[in-house]
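If you read the sequences in order, they're chains A and B. Using my numbering, the letters of the first sequence correspond one by one to residues 82 to 356. Using my numbering, the letters of the second sequence correspond one by one to residues 261 to 683. All C-beta atoms in this analysis are idealised placements derived from N, C-alpha and C, irrespective of residue type, glycine included. Okay, so here's the structure we're looking at.
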Amino acid sequence: MTQPDEVIIESGKSGLHYWRDLWRYRELFYFLAWRDILIRYKQTTIGITWAIIRPLLSILVFTLIFGKLARLSSSGIPYSALVLVGMIPWQFFAGSLNEASLSLANKENIISKIYFPRIIVPISGVVVNLVELGVGLVMLLGFLLWQRTGIEATLAFLPLFLVLAFLLTLGCSIWIAALCVQFKDFRQVVSFALQLGLYISPIAYGTAVIPEDWRAYYFLNPISGIVEGMRWAVFPDHISLPLGGVITSLGITLCLLLSGIAYFRKIEKRLAELL
Amino acid sequence: MTYAILAEGVAKSFTLYHKNQPRSDSLRETLSGSLRILGRRLVPGRRGLDNTVLEREEFWALREVSFTIRPGEKVGIIGRNGAGKSTLLKILSRVLEPSSGRIRIRGRVASLLEVGTGFHPELTGRENIYFNGALLGMSKAEIRRKFDAIVDFAEVEKFLDTPVKHYSSGMYVRLGFAVAAHLDPEILIVDEILAVGDLRFQRKCLGRMEQIGQEGRTVLFVSHNMNSIVQLMDRSLLLDQGRLILDASPTECVDRYLELNRSDDGSPSLSAKVDWIQEVRFHWLKERQEPGFNQPLFFRFSFLSTLPTPPITITLGFLNTLGARVSTCKVQTPKLEAGRHEFGLIVREHRLTPGCYFVKLDLWTDYEHLLEHDGACHIELFAEEITDPLLLKSSFRGRDRLGCYGDMELRRFASTAERICDC
Chain A
82 MTQPDEVIIE
92 SGKSGLHYWR
102 DLWRYRELFY
112 FLAWRDILIR
122 YKQTTIGITW
132 AIIRPLLSIL
142 VFTLIFGKLA
152 RLSSSGIPYS
162 ALVLVGMIPW
172 QFFAGSLNEA
182 SLSLANKENI
192 ISKIYFPRII
202 VPISGVVVNL
212 VELGVGLVML
222 LGFLLWQRTG
232 IEATLAFLPL
242 FLVLAFLLTL
252 GCSIWIAALC
262 VQFKDFRQVV
272 SFALQLGLYI
282 SPIAYGTAVI
292 PEDWRAYYFL
302 NPISGIVEGM
312 RWAVFPDHIS
322 LPLGGVITSL
332 GITLCLLLSG
342 IAYFRKIEKR
352 LAELL
Chain B
261 MTYAILAEGV
271 AKSFTLYHKN
281 QPRSDSLRET
291 LSGSLRILGR
301 RLVPGRRGLD
311 NTVLEREEFW
321 ALREVSFTIR
331 PGEKVGIIGR
341 NGAGKSTLLK
351 ILSRVLEPSS
361 GRIRIRGRVA
371 SLLEVGTGFH
381 PELTGRENIY
391 FNGALLGMSK
401 AEIRRKFDAI
411 VDFAEVEKFL
421 DTPVKHYSSG
431 MYVRLGFAVA
441 AHLDPEILIV
451 DEILAVGDLR
461 FQRKCLGRME
471 QIGQEGRTVL
481 FVSHNMNSIV
491 QLMDRSLLLD
501 QGRLILDASP
511 TECVDRYLEL
521 NRSDDGSPSL
531 SAKVDWIQEV
541 RFHWLKERQE
551 PGFNQPLFFR
561 FSFLSTLPTP
571 PITITLGFLN
581 TLGARVSTCK
591 VQTPKLEAGR
601 HEFGLIVREH
611 RLTPGCYFVK
621 LDLWTDYEHL
631 LEHDGACHIE
641 LFAEEITDPL
651 LLKSSFRGRD
661 RLGCYGDMEL
671 RRFASTAERI
681 CDC
């Protein structure tokens, strides 16, 4: 038998091997994500079809209200395409945050019995929502082929914006997971903020409708930069790249992610007690 | 010195909040709390009023616990409710962080604080085996390799692809234990899980625990079941009110534990179900016990009755280390006046084979059940000179010498007719 490695458990020292532990528990991470995906779609009768129906219905409603009734500008692209590109990152973001607000509480039975780096839980919650993101992207591709709008070279930049959306969602999820454990009613704040967020982010409309003077403030919302960036990647002829917005978004994302991890690790030590 | 676990001065405190100090687990409370502090800072005169509100109390679940466990040792942890057993296990499993002190652990740890942790009712048996295995620290390859053995052990082949919500509770528990039983840790930490499943499965679990022990792994086992502690463990730690009060052989610890239970509320008595029977004391006169098979057992029994009592039936049940009642004897007192009464109880011809037994005490009148106490005392019978070759053989089989042993009559039938008549 090889010399077993030694673990030292001491007050305040749990962070020492954190990243090594995280790597060691990577398989558990896959299993957790896999299990959550299974559970999510097993509890429904039409399963993964939900991932198609929900965005489709939202797109239909938004296109009717904002495109047909309010006649907002869509910068010359089909209004439904505008909404579709917005819905892809938004549904991923909102779904993940909802999941994050309950993620730790839902796994209380595991957390209070077994050790593993707790940060796996909110991260796997985000990964689960990647399924719907993937479905959304397939829908977008199908739409582009069906509309024969042509696929532009800038589409190669789309993955970059998706990575940014992933990191932003990750940062927010980690923050929210920790906050919801510490403050039980933060959950209400999250669902309310997401309701408002849908309207203050360019999901159901394009940034073209925002007055020029307000744009700088508007892009302080990190989602704005991501959504407009994605629209640029898909329709470069109609929408210009909001470079400032993307950079702001990147900066805010990194801040949220790093501070979120730091805050989560602070909470993590007392997690089993707080739950 | 080599060790598997070395704990030095481990302590754990929890913060308790009193009624007038709600936990600040909602935003409003935190905000209003900070406002109150701010208010107090601004208005120094009011400080005295609210000061009590922010007071909190520290509760020490564990204090200065130190011990060493050598590789391959099997150690039982016992103690009354709230003694700190679970806290200790949770610290060892890294679920909780100690407030002070240090623990060094050498080797791969698997901790089993619950059967079927993380089982999800919607998932099938197969899926749950994989997830539960991963949670307990097995790699995917390892689970795949042991999958058949796990399914065999749990006896659920037919239901592998059925969601576990349709399982009977027995199947659920069997599946949970089966995964855990196939872990390959150097150190196994187990919390009170053998009290599950049917008797046959319990024996299987105990057998597996024993096998793990024989393979030279270190086992830490918390239980309220003194029988399995005595039967399975080499050593025991007795915790009380967060302190380690005894680190000795399992039988010594169990004796001391039963003493602790008796001395609850400061008085060494068992509590009755009726209020007119008080200060019930019952103990085994260990010093009068002669070594050898079928030697009489002596007990002392006393109580205080506040009313004149009808005749009381005293029943002693003897439970072996698997928890099975192997012998029962009873006797009836005469009618008694109010006052203190003391009796000696002598059990001859009990035919118990040498080993450990727990004595269950019941008191009855014709109308009611006066007292029921599961572990009224714990006896240990030694056999120094057994001449009977059969008994000798069974006592050498170590842990199998459980229960009673007696003679029987042999009658040989000459014809079928005779056999029919006889029955």
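Buried versus exposed call for residue i [16 or more other C-beta atoms within 10 Å across all chains shown]
i                  : result
Asn-487 of chain B : buried
Thr-676 of chain B : exposed
Arg-641 of chain B : A small correction: the amino acid at residue 641 of chain B is Leu; Arg does not occupy that position in the sequence shown. Buried, because 16 or more other Cβ atoms sit within 10 Å of the Cβ of Leu-641 of chain B.
Val-244 of chain A : exposed
Ile-129 of chain A : exposed
Glu-357 of chain B : buried
Pro-283 of chain A : buried
Ile-232 of chain A : exposed
Gly-305 of chain B : Bear in mind that a pLDDT of 42 at Gly-305 of chain B, under 50, signals an unreliable position, so the number given afterwards is only what the model happens to contain. Exposed: under 16 other Cβ atoms inside 10 Å.
Arg-354 of chain B : buried
Pro-170 of chain A : buried
Trp-100 of chain A : exposed
Pro-323 of chain A : buried
Arg-657 of chain B : Bear in mind that the predicted position of Arg-657 of chain B carries a pLDDT of just 43, short of 50, making it too unreliable to give a figure here.
Asn-485 of chain B : buried
Ile-89 of chain A  : exposed
Phe-273 of chain A : exposed
Phe-274 of chain B : exposed
Coil, strand or helix - residue i by DSSP
i                  : result
Ile-365 of chain B : strand
Ala-636 of chain B : strand
His-98 of chain A  : coil
Gly-206 of chain A : helix
Thr-696 of chain B : Lying before the first or after the last residue shown, residue 696 of chain B is absent from chain B, which here runs from 261 to 683.
Phe-563 of chain B : strand
Arg-539 of chain B : Sequence inspection shows Glu at residue 539 of chain B; the Arg mentioned does not correspond to that position. Correct three-state label for Glu-539 of chain B: strand.
Ser-273 of chain B : strand
Ile-606 of chain B : strand
Gly-599 of chain B : strand
Glu-324 of chain B : strand
Leu-225 of chain A : helix
Leu-314 of chain B : Only weak support is given to the placement of Leu-314 of chain B: the predicted model assigns it a pLDDT of 49, under 50, and the value that follows is read from those uncertain coordinates. Residue state, collapsed to three classes: helix.
Ala-151 of chain A : coil
Lys-194 of chain A : coil
Thr-144 of chain A : helix
Enclosing beta strand (DSSP E) for residue i [first to last residue]
i                  : result
Val-534 of chain B : No beta strand (DSSP E) contains Val-534 of chain B, which DSSP labels as neither H nor E.
Trp-624 of chain B : 615–624
Gly-306 of chain A : Per DSSP, Gly-306 of chain A belongs to no beta strand (DSSP E); it is in the alpha helix (DSSP H), 303–315.
Lys-585 of chain B : Inspection of the sequence shows that residue 585 of chain B is occupied by Arg rather than by Lys. Looking at the DSSP string, the run of the beta strand (DSSP E) that includes Arg-585 of chain B is 585–592.
Glu-87 of chain A  : 87–91
Ile-505 of chain B : 503–508
Member of the options whose CA lies at the smallest distance from the CA of residue i
i                  : options                                       : result
Asp-535 of chain B : B:Tyr-517, B:Phe-558 and B:Phe-563            : B:Phe-563
Gly-361 of chain B : B:Gly-583, B:Arg-404 and B:Leu-266            : B:Leu-266
Glu-616 of chain B : B:Ala-584, B:Thr-593, B:Trp-624 and B:Pro-568 : Sequence inspection shows Cys at residue 616 of chain B; the Glu mentioned does not correspond to that position. Per the Cα distances, B:Ala-584.
Pro-198 of chain A : A:Leu-103, A:Ile-140, A:Ala-114 and A:Gln-228 : A:Leu-103
Gly-552 of chain B : B:Thr-613, B:Glu-539 and B:Gly-599            : B:Thr-613
Pro-136 of chain A : A:Lys-123, A:Val-166 and A:Ile-118            : A:Val-166
Lys-406 of chain B : B:Arg-516, B:Ala-441 and B:Val-433            : B:Ala-441
Thr-250 of chain A : A:Ala-289, A:Asn-210, A:Thr-288 and A:Phe-264 : A:Asn-210
Ile-133 of chain A : A:Leu-221, A:Thr-334 and A:Leu-241            : A:Leu-221
Phe-112 of chain A : B:Ala-394, B:His-380, B:Glu-452 and B:Ser-273 : B:Ala-394
Leu-504 of chain B : B:Gly-269, B:Tyr-263, B:Ala-264 and B:Phe-673 : B:Gly-269
Leu-260 of chain A : A:Thr-125, A:Ser-92, A:Ser-182 and A:Leu-339  : A:Ser-182
Leu-218 of chain A : A:Arg-229, A:Val-202, A:Pro-240 and A:Arg-116 : A:Pro-240
Asn-580 of chain B : B:Cys-637, B:Phe-561 and B:Gln-555            : B:Cys-637
Extent of the continuous alpha helix (DSSP H) run through residue i
i                  : result
Asp-117 of chain A : 107–123
Gly-326 of chain A : 324–349
Arg-296 of chain A : 296–299
Gly-385 of chain B : 385–395
Phe-481 of chain B : That residue, Phe-481 of chain B, is in no alpha helix (DSSP H); its beta strand (DSSP E) goes 478–482.
Leu-178 of chain A : 160–187
Thr-347 of chain B : 345–352
Ile-338 of chain B : Run containing Ile-338 of chain B: none in the alpha helix (DSSP H); it sits in the beta strand (DSSP E), 334–339.
heavy atom of the ligand ZN below 8 angstroms from residue i C-beta
i                  : result
Arg-560 of chain B : By its list of ligands, the structure shown contains no ligand whatsoever, and the ligand ZN lies outside what it can speak to.
With a floor of 3 residues, list each beta strand (DSSP E) that falls wholly inside the region 429–467 of chain B, ordered by position along the chain. 447–451
What are the uninterrupted segments assigned as alpha helix (DSSP H) that are 4 or more residues long and contained completely in the region 221–291 of chain A, given in chain order? 239–263 and 267–281
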